[in-house]
Each structure stands twice: as structure tokens, then as C-alpha cells.
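Trainee: Just passing along the structure, written as C-alpha cells.
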């Protein structure tokens, strides 16, 4: 479930918070905020368990994952499936508090979460599936907020999709040698020596999309300060991945948790003050 490693929660929660603040003009209802925050934590735990179930025979051969409970048989498959059922029940109970149309988005999110681990066996860029899974919450937030789909939502989806691909490619780079041995595919292996250049290009495009979103929302220079802070964070990541050091690449991955928070704060401060 990896509750001891909160970076994944931050990464999954960031687009949810962005969407909540944009869809509700900076003032999301507390009940919606509570449901989506708890739902994000539940979905992250569920995703980790499903991933570990699918990879239980692979993880034992990968240095970073060979201590996972399912790989070492500390936890049985039956126990893991029981946890999956438990979290699905909690997710369903939360879903009952949202408009019925949210059910369809939740179903898509669960299906994508379930198939993602298997996509690593046959898709050259499985990160694209993960990006879709992590972006479904954005239109779901709009539906729950009774907000019509608009350009802002589309921009948020594009931003998050590219962001997920960029940071999960950094994450995949750390495991690329082990992935080669066990036959797992990733964007880091697909792009090879061009990985760093493509990541930087994605990050630049992400910042351009943030400018477009800011202009469409009418954000002022104050948002620009947070945009610059976010750009600085990405610059630090680019500095770290300009090496062959796995620990530096992993640190660059973890910095994305801070990046998501920075961009949320930029939206939060402006939208609240403007409202």
C-alpha cells in the first residue's frame, strides 16, 4: 500500500486539487474536498496492491522491488485480494456521496488502474496508460462540482497527462536495466539515449500549457511567481537527470511531489483572493 512512501499520494492528489480549485473558483466545498482526498488515498493504495499482484513474480528480480511483501511471500495472494475488496468497498461508499454520473469515471479509473501493470508487458510506452488513469479524476471533479466541461478542464488534462509521462519516465529510468532483464517495457527504454531530451521537452511544454491556463483564468503576476518556482523545480530535476546516477534520477522523481504542490498553491492563492 506504500503509506510510508507518500510521494505517490502527492502525485495523484495534485491534479485532483488543481481541478477542485479551478472548477469551484477557488472555493471547493469541504465535503467534496474530503471525499476526493480520501478517495485519492484509497485509489493509490488500491493501485499499489493491484500492481504488486500483477508483478509478484517480476518484483523479486528487480533490486528496488525485491523486498515487497507479495514478492517475498510475506503476504499471500488471498490476503492481497481481500485488501483489494476492502478498498473497493470503501471507494464505492465514497462514490455514493457523489452524483451518479461520477460512477462511470470511477469505473474507467479502476479499469485503467487494473490493466496498467499488464500494459508494461506489451506496450512500449505504458506510461501513457498511467497518465490516463491519473487524469480521469479531473473530469470526475467537474461532474461532482456540477461544472460544465470547458477549456480549463482540457488544459488540466493535457498538463497532467504530460506531467505523468515525464515523471514516470524518470521513475522508469531507475529500473531500466532490471526491466531489460525481465522483459518489462517503459518509455525510458523506448526513448533510450534521447530520454533526457524528451523529458525536458515535455516539461517545457507543460509550463507553456500552464501559461495558457493562467491566461484563460485571468491569473495575475502573482501566479507567475509560483510558475517561476515550479519552473525552478523542473530545472533542478533537469540538473539531477543530467547524470547516470540512479539515486539522482530518483530524487528528481520525488521532486515532482513538490512541483504539484507549488502549482496548486499558485492556483489556490489567486482564485481564493479573486473570489
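Numbering (my numbering), first residue to last: 9 to 283.
The C-beta atom is built at its ideal place from N, Cα and C for all residues, glycine as well.
1. Taking only three categories from DSSP, how would you classify residue 151?
2. Exposed or buried, what is residue 105 when buried is set at 16 or more other beta-carbons lying within 10 Å of its beta-carbon?
3. Starting from the C-beta of residue 178, find all residues in its chain whose C-beta is less than 6 Å away, skip the five residues before and the five after it, and write them out in chain order.
4. Do residue 54 and residue 92 come within 8 Å of each other at the CB atom, strictly closer than that value?
5. For residue 48, which residues in the same chain have their Cβ closer than 6 Å to its Cβ, ignoring the five residues on either side in sequence?
6. Using only CA atoms, which one of 239, 204, 114, 184 lies nearest to residue 271?
7. Look at the alpha carbon of residue 128 and the alpha carbon of residue 141, and state the distance between them as a whole number of angstroms.
8. Compute the Euclidean distance between the alpha carbons of residue 208 and residue 246, then round it to the nearest angstrom.
9. Please list, in chain order, all residues of the same chain as residue 255 whose beta carbon is under 7 Å from its beta carbon, the five residues on each side excluded.
10. Taking the C-alpha atoms as reference points, what is the distance between residue 84 and residue 78?
11. Beta-carbon separation of residue 250 and residue 175 under 8 Å?
12. By Cβ distance, which residues of its chain are closer than 6 Å to residue 98, with the 5 residues on each side in sequence left out?
13. In chain order, which continuous runs of the alpha helix (DSSP H) of length 4 or greater are located wholly inside the region 159 to 245?
14. Just mark residue 168 as buried or exposed, buried being the case when its beta carbon has 16 or more other beta carbons within 10 Å.
15. Over what stretch of residues does the alpha helix (DSSP H) that includes residue 128 continue unbroken?
16. How many angstroms separate the CA atom of residue 109 from the CA atom of residue 57?
17. So, under 8 Å CB-CB, residue 188 and residue 196 are touching, yes? Tell me the CB distance rounded to an integer number of Å.
Mentor: Reading from the atomic positions:
1. helix
2. exposed
3. 257, 260, 261
4. yes
5. 20, 21, 24
6. 239
7. 14 Å
8. 7 Å
9. none
10. 6 Å
11. no
12. 50
13. 159 to 182, 184 to 190, 195 to 199, 203 to 225
14. buried
15. 110 to 130
16. 27 Å
17. The Cβ separation is near 10 Å, so there is no contact.
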